[in-house]
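Chemist:
In the UniProt record's numbering, the protein residues as written are 1 to 187.
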């Protein structure tokens with residue numbers, strides 16, 4: 001159960017599913033389809049969907065690489081958080097957006113597994129949120145030429161690692177797209 005007072009609500013946090021981030025990502029189409037399913041299910045349950053979009057020298061605001069993939073459509077009423085760091089909370093208005101909506105539980109999906117997803121999960125847990133990773137709805141590119149394991153192993157290791165995360169008064173863990181339940185109460 002979240003350690004944040006008066007935060008019983010849940011949000012689906014969709015992180016950096018941008019053209020330039022996922023263009024060569026592991027199982028890109030399946031992951032994007034799963035995220036689309038999660039978005040549809042969250043909306044149907046009345047759960048907030050919050051979108052995060054990375055900005056840097058390669059993902060220049062307004063550019064094609066910066067844009068979200070065409071398969072995913074954000075509703076105008078859904079918040080869009082612009083960020084420059086791996087952790088979606090760092091130097092952004094994400095915390096204010098979540099607080100205003102009474103959100104204490106995050107269901108996280110997106111890219112990249114070994115960068116922004118891990119950073120955001122840790123940032124959420126450290127700030128008092130319950131943070132659940134959707135095991136089949138995150139991905140990364142192949143960074144093995146830099147010494148990283150192949151992307152399938154990065155995804156698998158992150159799922160294993162997050163499955164056993166704990167913190168006082170907070171929950172973490174993983175679910176699949178099929179198991180994600182947006183009607184369940186937080187905690």
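We treat Cβ as the ideally placed atom computed from N, Cα and C, and that holds for glycine. Computed from a predicted structure; not experimentally measured.
(1) Under 8 angstroms: does the beta carbon of residue 107 sit that close to some heavy atom of the ligand SAH?
(2) What span of residues does the alpha helix (DSSP H) with residue 117 cover, start to end?
(3) Which residue comes first and which comes last in the alpha helix (DSSP H) that contains residue 20?
(4) Write down every uninterrupted run of the beta strand (DSSP E) in the region 3 to 71 whose length is 3 residues or greater and which is fully enclosed by it, in chain order.
(5) Which whole-angstrom value describes the C-beta separation of residue 158 and residue 26, a residue pair presumed to lie in contact below a C-beta threshold of 8 angstroms?
(6) Using the DSSP secondary-structure output, state which residues sit across from residue 105 in a beta bridge.
(7) For residue 271, name the three-state secondary structure that DSSP assigns.
(8) For the putative contact between residue 175 and residue 134, defined by C-beta atoms under 8 angstroms, what is the C-beta separation to the nearest angstrom?
(9) Taking residue 5 as the reference, give the member of 181, 182, 178 and 169 with the closest Cα.
(10) Return the chain-ordered list of same chain residues with a C-beta closer than 6 angstroms to the C-beta of residue 143, the five sequence neighbours on each side being excluded.
(11) Which one of 90, 127 and 146 has the shortest CA to CA distance from residue 7?
(12) Rounded to the nearest angstrom, what separates residue 28 and residue 61 at their Cα positions?
(13) Under 8 angstroms: do the region 143 to 156 and the region 95 to 109 share three or more Cβ pairs, one atom per stretch?
(14) How many Å lie between residue 187 and residue 130 at the Cα?
(15) When the Cα atoms are used, what is the spatial distance from residue 45 to residue 36?
(16) For residue 58, collect the residues of the same chain with a Cβ closer than 7 angstroms to its Cβ; drop the 5 residues on either side in sequence, then sort them by chain order.
(17) Assuming contact is defined by CB atoms lying nearer than 9 angstroms, are residue 49 and residue 94 in contact in what I supplied?
(18) Tell me whether residue 110 sits in a helix, a strand or coil according to DSSP, three-state version.
(19) Exposed or buried, what is residue 96 when buried is set at 16 or more other beta-carbons lying within 10 Å of its beta-carbon?
Modeler: In short:
(1) Ligands in the displayed structure: none, and consequently the ligand SAH is not present.
(2) Unbroken run through residue 117: none, as it is neither H nor E.
(3) 19 to 22
(4) 9 to 15 and 48 to 54
(5) Not really, about 12 angstroms apart at Cβ, beyond 8 angstroms.
(6) 10 and 130
(7) Outside the modelled stretch of the chain, which goes from 1 to 187, sits residue 271, for which no answer is possible.
(8) 6 angstroms
(9) 169
(10) none
(11) 127
(12) 22 angstroms
(13) no
(14) Confidence at residue 187 is low in this model, with a pLDDT of 41, below 50, so its placement is unreliable and the value that follows should be read with caution. Those two C-alpha atoms are separated by around 7 angstroms.
(15) 14 angstroms
(16) 20 and 65
(17) no
(18) strand
(19) exposed
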